[in-house]
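Written out below as structure tokens is the structure these notes cover.
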Amino acid sequence: VSQDGRFALVRRGPRGRREAVVVRTADLATGSVLRVGDGDPWIGRFSRDGRTLWLRSDHERPFAALLAASLDEDGGRLGLSVVAEREDSDLELLAFAEDGRTAALAWNVRGASELETLGLSTAARPRRVPLPHEVVTRITRAGPAGMVLA
Numbered sequence: 044v045s046q047d048g049r050f051a052l053v054r055r056g057p058r059g060r061r062e063a064v065v066v067r068t069a070d071l072a073t074g075s076v077l078r079v080g081d082g083d084p085w086i087g088r089f090s091r092d093g094r095t096l097w098l099r100s101d102h103e104r105p106f107a108a109l110l111a112a113s114l115d116e117d118g119g120r121l122g123l124s125v126v127a128e129r130e131d132s133d134l135e136l137l138a139f140a141e142d143g144r145t146a147a148l149a150w151n152v153r154g155a156s157e158l159e160t161l162g163l164s165t166a167a168r169p170r171r172v173p174l175p176h177e178v179v180t181r182i183t184r185a186g187p188a189g190m191v192l193a
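Dropping the structure here:
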């Protein structure tokens, strides 16, 4: 749900045809629909002002990436841009710090995980995070700006 309560993000559809749906909470009408990747049911988050939807999506692409959908006042999509991608790897897990300013991205690279953090309000490149093991199965919030890996 967006911070102001206007929109809800819902995942629907069977495996192989999943979609992210922006629903207006006032009348339950659909604002926009976008294809999302299979796997982790946690697919994205609204920005603090509700004007951007950050999504783990394979919309019109062979591998899932982090996309930013610009939204209008009714939740309709104004634009779509790629924020982070890998040429031959799926974005397998996506999580956000509680403040919504930092994203953790877990990429599936030939069966092993590679983890990066990305500041969403800056144009900085993602920062690689060393892992104590080969595969990340979950990223959970821990405190106002932290995250824990499993």
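The sequence shown begins at 44 in this note's numbering and counts up one residue at a time. Backbone N, C-alpha and C define an ideal beta-carbon position, used for all residues, glycine too.
- Separation of residue 163 and residue 149 (C-alpha to C-alpha, rounded to the nearest whole angstrom) is 16 Å.
- In this structure residue 46 is in contact with residue 91, their Cβ atoms being roughly 5 Å apart against a cut-off of 8 Å.
- Contact annotation: residue 97 and residue 88 have beta-carbon atoms nearer than 8 Å.
- Looking at 127, 94, 102, 106, the one whose alpha-carbon comes closest to that of residue 115 is 94.
- Take residue 157, set aside five residues on each side of it, and the residues of its chain with a beta-carbon closer than 6 Å to its own are 150, in chain order.
- By the Cβ neighbour-count rule, residue 171 is exposed, with fewer than 16 other Cβ atoms within 10 Å of its own.
- Rounded to whole angstroms, the gap between the alpha carbons of residue 140 and residue 69 is 28 Å.
- Here residue 77 is not near residue 51, since their CB atoms are 8 Å or more apart.
- The alpha helix (DSSP H) runs of length 4 or more contained entirely in the region 133 to 172 do not exist; there are none.
- Across the structure, residue 143 and residue 65 are spaced so that their CA atoms are roughly 18 Å apart.
- When beta bridges are read from the DSSP output, residue 116 appears opposite no residue.
- Burial check for residue 167: the Cβ neighbour count within 10 Å stays below 16, so the residue is exposed.
- Taking the Cβ atoms as the reference, residue 179 lies roughly 6 Å from residue 136, within the contact range of under 8 Å.
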